[in-house]
Amino acid sequence: MLRASPQTLQSPQSAATAITGDTLDVGRKIRLTAILLGCASLAFFLWRISDPPLFLYDEPQYVLSAKALLAEAPNPNPEAPPLGKLIVAVGMKAFGDNPLGWRSMSALFGALTLVGVFLLAQILLRDYSLALTAALLTLLNNFVFVMSRVAMMDIFLVTFLIWGLLAYTAVLTLDNFSNTKRRAVLALSGAAFGFACACKWNGVDTLGVAFAIGVVILLRGGRTSGESDEIARCAGRLRRVGAAWFVLCLTVVPIVAYSVTYWPLCRSLHRPFEPRELLAMNMYIWHFHRSVQGNPAITSAWYSWPLQIAPQRALLYLVGNWSIMFGGLAALAFCASRLRTSLPEALVVLLYVGNLLQWAVTPQRCQYYYYYFPAAVFLTLAIPVALHRLPTRVFGVRLSLLCLLPATCCFLFCYPHMTNLQAPFDCALGCWT
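According to our numbering, the residues represented by the sequence shown are 27 to 459, in order.
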């Protein structure tokens with residue numbers, strides 16, 4: 027007589043308990059990994075962060091503005107929104123007017139960027155190993171490392187963008203949300219996008235892409251026979267939020283979040299915090315960036331950035347990790363084939379294209395290579411998204427490992443210069459020609 031195994035006789039209640047237990051274990055693993063990634067990357071970014079002890083690139087503009095905020099003195103940098111300078115001021119308040127104070131918050135936000143990319147990839151792909159690959163590639167792509175060690179606004183911009191996208195993607199993809207919670211998370215997403223714009227205005231490009239994707243999902247998801255089940259499910263979740271609430275969270279909430287960041291600045295300057303004052307400050311920013319000439323010796327055209335191989339020497343030899351930058355372009359081309367049927371591919375392709383092509387229409391005469399930073403992060407994310415559709419192994423070797431090995435070699439070659447190591451360590455792995 028055949029006898030059923032204990033697993034076969036398991037009751038529905040015990041099976042549900044087992045599934046819940048597995049889910050809790052996975053969630054605990056993800057949380058622990060996120061914490062470890064954050065702590066390890068923060069320590070990595072902080073090592074030798076005070077070297078060089080002098081100002082780098084555009085640091086004087088933002089550090090002097092942060093000092094003015096702390097001293098309630100006139101703002102020497104009115105041509106930029108205030109939030110990033112407020113964040114720099116927090117680091118200076120904690121650690122003093124020194125290189126550690128100037129750059130400490132950049133290191134913290136760099137670590138938060140890494141954690142955000144890990145969680146975003148986990149939500150999009152539901153694959154722990156690929157999410158970890160995304161985080162490691164982000165660490166190795168050179169942009170995050172360099173921008174996490176200078177007192178400039180770009181790392182704050184990218185951190186808020188990544189966490190805004192994380193909340194936005196959670197609304198579209200996760201099922202374990204009540205309707206109230208889903209609406210609250212979408213509002214947090216809008217606030218994060220607003221804070222990104224309060225660091226640098228080009229945060230509006232990612233916000234625009236997110237808004238456009240949501241509108242398309244609402245209009246098309248599940249209404250035509252050609253739509254995928256994935257897009258239809260995203261549309262269902264978004265409809266439960268409500269079209270009006272979606273528009274409110276990605277239009278009004280970002281504007282409110284952006285405007286609130288001006289309150290400390292107005293208080294510091296002893297000026298009224300009112301719409302007319304905010305409009306005047308922002309009109310000045312607009313006119314300044316339309317007329318500024320910049321330094322022709324270090325500017326470069328936006329269309330040259332994806333293929334750039336020479337470092338920006340004045341900014342810690344910044345250049346995108348060649349393995350990741352060119353491999354990411356190939357991954358992006360692969361993702362483009364599933365643009366209309368899969369949310370992960372649509373996100374990485376449209377976010378990269380939006381953050382790059384916006385410089386073709388932005389009315390700013392001077393453009394610098396480090397403006398490629400947001401697009402480069404989405405280019406990095408395209409690699410694990412593409413790997414998700416490919417076999418896990420080739421000839422017994424994990425494809426993710428094959429991507430990480432050359433990226434690590436390129437990073438190590440650049441590392442001595444990015445950390446300002448002196449002879450003989452500056453050329454330990456080879457010198458720049």
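Heads up, the beta-carbon is just placed ideally off N, CA and C, and yes, glycines get one too.
Out of S426, Y83, W289, C392, the CA that lies nearest to the CA of V172 is found in Y83. A check of alpha carbon separations from R415 across F439, H315, S363, V379 identifies S363 as the nearest. Contact between the segment 139 to 154 and the segment 101 to 121 is absent: fewer than three C-beta pairs spanning the two stretches fall below 8 Å.
Between Q148 and A137, the gap from beta carbon to beta carbon reaches 8 Å or more. Taking 8 Å as the cut-off, the beta carbon of V379 is found no closer than this to the beta carbon of L365. With a minimum length of 4 residues, the unbroken runs of alpha helix (DSSP H) contained wholly in the segment 114 to 161 fall at 125 to 151. Contact between S326 and Q390 does not hold, since the beta-carbon distance rounds to 13 Å and is not under 8 Å. Residue burial is scored here from C-beta neighbours: N167 has at least 16 other C-beta atoms within 10 angstroms and is therefore classed as buried.
Under DSSP, Q338 takes part in a beta bridge, and its partners are L344. Short of 8 Å from the beta carbon of A161, and not among the five residues preceding or following it, lie these beta carbons of its own chain, in chain order: L63, L140, V141, V143, F144, A147.
The secondary-structure analysis by DSSP pairs V420 across a beta bridge with V423. The beta-carbon distance between F360 and A412, rounded to whole angstroms, is 5 Å. This is short enough to meet the 8 Å contact definition. Cα atoms of C275 and E98: separation of roughly 33 Å, rounded to the nearest angstrom.
For T287, there is no enclosing alpha helix (DSSP H), as DSSP marks it with neither H nor E. In the three-state reduction of the DSSP assignment, K207 falls in the helix class. In the three-state reduction of the DSSP assignment, R364 falls in the coil class, being assigned neither a helical nor a strand state. Pairing I181 with S132 gives a Cβ-Cβ distance under 8 Å. Here the C-alpha atom of V114 lies approximately 8 Å from the C-alpha atom of G127. Along the segment 215 to 264, the alpha helix (DSSP H) occurs as fully enclosed runs of 4 or more residues at 229 to 246, listed in sequence order.
Scanning F404, A372, P370 for the CA closest to the CA of L382 turns up F404.
DSSP, read as helix, strand or coil, puts Q384 in helix. Approximately 10 Å separates the beta-carbon atoms of A106 and M178; this is outside 8 Å, ruling out the contact. About 11 Å separates the beta carbon of L191 from that of P400, a gap too long to meet the 8 Å contact definition. Contact annotation: A283 and G354 have beta-carbon atoms that are not nearer than 8 Å.
Counting C-beta pairs closer than 8 Å gives fewer than three between the segment 200 to 210 and the segment 426 to 445, which falls short of the contact rule. Contact between W385 and W312 fails: their C-beta atoms lie close to 16 Å from each other, not under 8 Å.
Setting aside the 5 residues that flank it on each side, A218 is surrounded in the same chain by F186, W189, G190, A193, each with a C-beta closer than 7 Å to its C-beta; the list follows chain order. Here DSSP, grouped into helix, strand and coil, assigns A412 to helix.
Excluding sequence positions up to five before and after L407, its CB lies within less than 7 Å of the CB of V143, A147, A160, V374, all in the same chain and listed in chain order. Taking the C-beta atoms as reference points, P280 is found no nearer than 8 Å to C225. Distances from the alpha-carbon of H296 to those of R54, P100, S67 put P100 closest. In the structure shown, D180 adopts helical secondary structure according to DSSP, grouped into three states.
Sixteen is the threshold: since fewer than 16 other Cβ atoms of the shown chains lie within 10 Å of the Cβ of Y310, the residue is exposed. The DSSP-derived three-state label of C275 is helix. In its chain, beyond the 5 residues on either side, L140, V143, V170, T406 have a beta carbon closer than 6 Å to the beta carbon of T164.
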